[in-house]
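Enquirer: So that we are looking at the same thing, I have put the structure below in structure tokens.
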Amino acid sequence: KAGVTQTPRYLIKTRGQQVTLSCSPISGHRSVSWYQQTPGQGLQFLFEYFSETQRNKGNFPGRFSGRQFSNSRSEMNVSTLELGDSALYLCASSWGLGGVVAKNIQYFGAGTRLSVL
Amino acid sequence: DQQVKQNSPSLSVQEGRISILNCDYTNSMFDYFLWYKKYPAEGPTFLISISSIKDKNEDGRFTVFLNKSAKHLSLHIVPSQPGDSAVYFCAASAFKGGSEKLVFGKGTKLTVNP
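Read top to bottom, the protein sequences are chains A and B.
When you read off a place in the first sequence, starting at 1, and then add 95, the result is the number in our numbering.
When you read off a place in the second sequence, starting at 1, and then add 5, the result is the number in our numbering.
Here is the structure:
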């Protein structure tokens, strides 16, 4: 079974530009979550999509947005890039139906390394 | 406000010995805890998890212990192997409104020396 696929793996942009990252979840998974990893802050939750709807959102500015398609694939967009947006962006997929007993595990892709110059 | 804390940025142990990685949390609503392992240039890989209704979960060489009263969990690796060298992240979640988000600690870099 194929894992979570993120494209591209590496990206270099300049300040003010915008960028779109893509994530293909594990087949059958309906939830996709996005995280930002930086050396100083660890993994920070961006947002979660389930069945094309944003279900949860972290504390990031409105420049960060996302969407999910009917096939569960997801994209994340960052507009007006800033130097501080340089990070590893990770996507994780899961069944999406959690609970105290039947928890679902999030599986991560290898990430997209974004460098903003 | 950091809800999940891994106070040791790094840990070094000898091959064959026990590795103990610690994690503290502040939010009493967390009801599920996970450990992920991350190698450079790869995404985090799920290792082991524990529900708040348990105090111990074991999977091969890996055991996670949960002390709810102290809001503390730990990951024990016995025996440690050089291939275990990686960054280990503790994560917690609270099922709320039909959705979950993982809150991660900043990670502990484990080095297992041959």
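Where a beta carbon is used, it is the ideal one built from N, C-alpha and C, also for glycine.
Starting from the C-beta of Val196 (chain A), find all residues in its chain whose C-beta is less than 8 Å away, skip the five residues before and the five after it, and write them out in chain order.
Expert: For the purposes of this step, residue 196 (chain A) is taken as residue 101 along the first sequence, with counting starting at 1. A caution first: Val196 (chain A) carries a pLDDT of 42, below 50, which makes its placement in the model too unreliable to give a value.
Enquirer: With DSSP collapsed to three states, give me the class of Asp29 (chain B).
Expert: As a working mapping, residue 29 (chain B) is identified with position 24 in the second sequence. The answer is strand: DSSP assigns Asp29 (chain B) an E or B state.
Enquirer: Along chain A, in chain order, which residues have C-beta atoms closer than 9 Å to that of Leu107 (chain B)?
Expert: Here the question's residue 107 (chain B) lines up with position 102 in the second sequence. Within chain A, the residues near Leu107 (chain B) are Ser128, Tyr130, Leu138, Phe140, Ala187, Gln201.
Enquirer: Start and end of the beta strand (DSSP E) containing Val18 (chain B)?
Expert: For the purposes of this step, residue 18 (chain B) is taken as residue 13 along the second sequence, with counting starting at 1. Its beta strand (DSSP E) spans residues 15-19.
Enquirer: Using a cut-off of 7 Å between C-beta atoms, extract the partners of Glu177 (chain A) located in chain B.
Expert: Residue numbering aside, residue 177 (chain A) sits at position 82 when the first sequence is read from its first letter. None at all; the shortest Cβ gap to chain B is about 22 Å.
Enquirer: At a CB distance below 8 Å, what residues from the segment 148-172 of chain A approach chain B? Give them in sequence order.
Expert: Residues Arg150, Asn151, Gly153.
Enquirer: Determine the direct distance from the alpha carbon of Trp40 (chain B) to that of Leu71 (chain B), and round the result to whole angstroms.
Expert: Here residue 71 (chain B) is taken as the residue at index 66 of the second sequence, counted from 1. Here residue 40 (chain B) is taken as the residue at index 35 of the second sequence, counted from 1. Going by the C-alpha atoms only, they are around 12 Å apart.
Enquirer: Could you give the DSSP three-state label for Leu106 (chain A): helix, strand or coil?
Expert: Residue mapping note: residue 106 (chain A) aligns to position 11 of the first sequence, counting from 1. Correct three-state label for Leu106 (chain A): strand.
Enquirer: Contact between the segment 9-24 of chain B and the segment 62-78 of chain B is defined here as three or more beta-carbon pairs at a separation below 8 Å; is this criterion met?
Expert: Result no; under three Cβ-Cβ pairs closer than 8 Å.
Enquirer: List the residues of chain B that Gly206 (chain A) touches, going by C-beta distances under 7 Å, in chain order.
Expert: Counted from its first residue, the first sequence places residue 206 (chain A) at position 111. By Cβ distance, chain B contributes Gly48.
Enquirer: I'd like to check one pair, Gly110 (chain B) with Gly153 (chain A): are the Cβ atoms closer than 8 Å?
Expert: Residue mapping note: residue 153 (chain A) aligns to position 58 of the first sequence, counting from 1. Residue mapping note: residue 110 (chain B) aligns to position 105 of the second sequence, counting from 1. Against a cut-off of 8 Å, the Cβ pair of Gly110 (chain B) and Gly153 (chain A) comes out as no contact.
Enquirer: Only counting the same chain, and skipping five residues up and downstream in sequence, which positions put a Cβ closer than 8 Å to that of Pro84 (chain B)?
Expert: For the purposes of this step, residue 84 (chain B) is identified with residue 79 of the second sequence, where counting begins at 1. Excluding positions up to five away in sequence, the list reads Glu20, Gly21, Arg22, Ile23, Arg66.
Enquirer: Buried or exposed, going by whether 16 or more other CB atoms sit within 10 Å of the CB of Asp60 (chain B)?
Expert: Taking the second sequence and counting its residues from 1, the one referred to as residue 60 (chain B) is at position 55. The residue in question, Asp60 (chain B), is exposed, as its Cβ has fewer than 16 Cβ neighbours within 10 Å.
Enquirer: For Gly112 (chain B), decide whether its Cβ has a neighbour in chain A, counting only Cβ atoms nearer than 8 Å.
Expert: Here the question's residue 112 (chain B) lines up with position 107 in the second sequence. Cβ-Cβ to chain A under 8 Å: yes for Gly112 (chain B).
Enquirer: Tell whether a beta-carbon distance below 8 Å holds between Thr68 (chain B) and Ser90 (chain B).
Expert: Taking the second sequence and counting its residues from 1, the one referred to as residue 68 (chain B) is at position 63. Taking the second sequence and counting its residues from 1, the one referred to as residue 90 (chain B) is at position 85. No.
Enquirer: Is Ser54 (chain B) close to chain A? Criterion is C-beta to C-beta, closer than 8 Å.
Expert: Here residue 54 (chain B) corresponds to residue number 49 of the second sequence, with the count starting at 1. Closer than 8 Å to some Cβ of chain A, the Cβ of Ser54 (chain B) qualifies, so yes.
Enquirer: Is the segment 99-107 of chain A in contact with the segment 150-164 of chain A, if contact means three or more CB pairs nearer than 8 Å?
Expert: With the cut-off at 8 Å, the segment 99-107 of chain A and the segment 150-164 of chain A do not touch.
Enquirer: Taking only the alpha-carbon atoms, compute the straight-line gap between Ser181 (chain A) and Gln132 (chain A) and give it to the nearest angstrom.
Expert: By 1-based counting over the first sequence, the position of residue 181 (chain A) is 86. By 1-based counting over the first sequence, the position of residue 132 (chain A) is 37. Distance between the alpha carbons of Ser181 (chain A) and Gln132 (chain A): 9 Å.
Enquirer: If the cut is a Cβ gap below 7 Å, which residues of chain A does Phe51 (chain B) touch?
Expert: The sequence position of residue 51 (chain B) within the second sequence is 46, counting from 1. Per Cβ cutoff of 7 Å: Ile200, Tyr202.
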